[in-house]
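One structure is given here, and the rest of the page talks about it.
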Amino acid sequence: MTLLIELGSPTLGELERAGFVEGWTRLRAETIAKQKAQVPSLRRGLSENPDVFTKTYKGTFLLARPPNAKVVQLEEAISYWRLVLSAPSLQWSTDTTPWLDWWIEYLQLKWKKSVSKDMWDQTGVFVRKSLEDESMSWWSEEGSWPGVIDEFVAYVRAKREEGAEMDTA
615 MTLLIELGSP TLGELERAGF VEGWTRLRAE TIAKQKAQVP SLRRGLSENP
665 DVFTKTYKGT FLLARPPNAK VVQLEEAISY WRLVLSAPSL QWSTDTTPWL
715 DWWIEYLQLK WKKSVSKDMW DQTGVFVRKS LEDESMSWWS EEGSWPGVID
765 EFVAYVRAKR EEGAEMDTA
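Under our numbering, think of the first position of the sequence shown as 615, with each following residue one higher.
And the structure:
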């Protein structure tokens, strides 16, 4: 995904000459040998460089969206979340919380709607914050999160309580 975004792909499976040339020039990889060498660097950047991850994450929504559509269907969005929130990209999981698994489980059980750009983008922000502080001490009911994320926070807290009760039983 990162490479498609860097090369200005307007949609999956499609590259335009101008984007291809400008993208490789910007990456300073005008020869095939340099292009091959650049790919592992882009892959590493997903997990190591927040700017690369954010650009790729936001660009993924634009590539996933059908032409002239404003949303991505839920099952497609889930496939893309699995792609961009798993190794070798940013791994959305911590020692105590399988975030991505719980997010997908929650959406499949409770959401059932398509995914807007705002929901996609705010999920990306939530991902970063939850990896920085998995206790979610930064989260507030008065915050400006989309309702789906507010409901997911409640879902995570309930799952954690269930786990704690099972540990003490």
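For glycine and all other residues, C-beta sits at the position ideal for the given N, C-alpha and C.
Quantities reported herein were computed from a predicted structural model and do not represent experimental measurements.
If we ignore side chains and look at the alpha-carbon of each, how far apart do residue i and residue j end up?
i, j, result
"Phe-667", "Leu-697", "12 Å"
"Ser-623", "Ile-763", "30 Å"
"Asp-732", "Gln-705", "21 Å"
"Leu-641", "Tyr-671", "19 Å"
"Ala-643", "Asp-735", "30 Å"
"Ala-632", "Ala-647", "20 Å"
"Pro-760", "Lys-727", "13 Å"
"Thr-645", "Asn-663", "25 Å"
"Glu-765", "Leu-688", "17 Å"
"Thr-639", "Leu-677", "22 Å"
"Arg-742", "Leu-660", "13 Å"
"Ala-691", "Thr-616", "17 Å"
"Trp-695", "Trp-725", "15 Å"
Using the rule of at least 16 other Cβ atoms within 10 Å of the residue's Cβ for burial, across every protein chain shown, is residue i buried or exposed?
i, result
"Leu-723", "exposed"
"Ser-703", "buried"
"Glu-620", "buried"
"Val-729", "buried"
"Thr-674", "buried"
"Leu-721", "buried"
"Val-686", "buried"
"Arg-679", "buried"
"Ser-744", "buried"
"Leu-618", "buried"
Would you kindly report the start and end of the unbroken alpha helix (DSSP H) that includes residue i?
i, result
"Met-733", "731-746"
"Gln-649", "646-662"
"Trp-717", "713-720"
- At least 3 beta-carbon pairs within less than 8 Å: the region 695-714 vs the region 744-752: The region 695-714 is in contact with the region 744-752.
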